[in-house]
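This report refers to the structure that appears directly beneath it.
Quick look at the structure:
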């Protein structure tokens, strides 16, 4: 009877089970899952083509400058819509154009920087280019807020966001 009570109390406290071994806990399972995740083997080109189709190894048709061109077209289209449907149209259209320019001008700087670099410099160039792009975007927003007092923020921000969506369009066209 006493032995049975010790087994019950051992199970309830989690010390040892009847065989004297430590019970499995959920933390042990997470260690095993983590160890399994570390054994990642990359696919070969043939395996990738078998899984995803022959187009997986095809180079992308979308270049950074095509994305910038798409951003310009989208921002000009949005500017035209603000011109047509907002009364009075002048400040709304100019604000919308500035919002689009805040998107595509830093992106064009980034694309030009990437094109100028090749090889191993590309990764570092990408990081520096992104920093320059973010800095230019922030500076342009601040400049518009500081110098263009009659800016209408709704058209500006909506057009900026519309132009940003060119990245999603480019990913879909890849």
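Numbering (the UniProt record's numbering), first residue to last: 1 to 174.
For every residue, glycine included, the Cβ atom is placed at its ideal position computed from N, Cα and C.
- Within a 10 Å sphere around the beta-carbon of residue 60 sit fewer than 16 other beta-carbons, which makes this residue exposed.
- Taking each of 123, 81, 68 and 85 in turn and checking the Cα distance to residue 103, the smallest one comes out for 68.
- When Cβ pairs closer than 8 Å are counted between the two stretches, the segment 162 to 172 is seen not to touch the segment 133 to 150, the count staying below three.
- By the Cβ neighbour-count rule, residue 72 is buried, with 16 or more other Cβ atoms within 10 Å of its own.
- Annotation: the continuous alpha helix (DSSP H) that includes residue 81 extends over 64 to 85.
- Straight through space, the alpha carbons of residue 137 and residue 125 are spaced by roughly 18 Å.
- Selection 53, 167 and 155 evaluated against residue 81 yields 155 as nearest (Cα-Cα).
- Within the same chain, 64, 65 and 68 come within 7 Å of residue 111 by CB-CB distance, once the 5 residues on both sides are set aside.
- DSSP, reduced to helix, strand and coil, places residue 151 outside both helices and strands of the structure shown, so it counts as coil.
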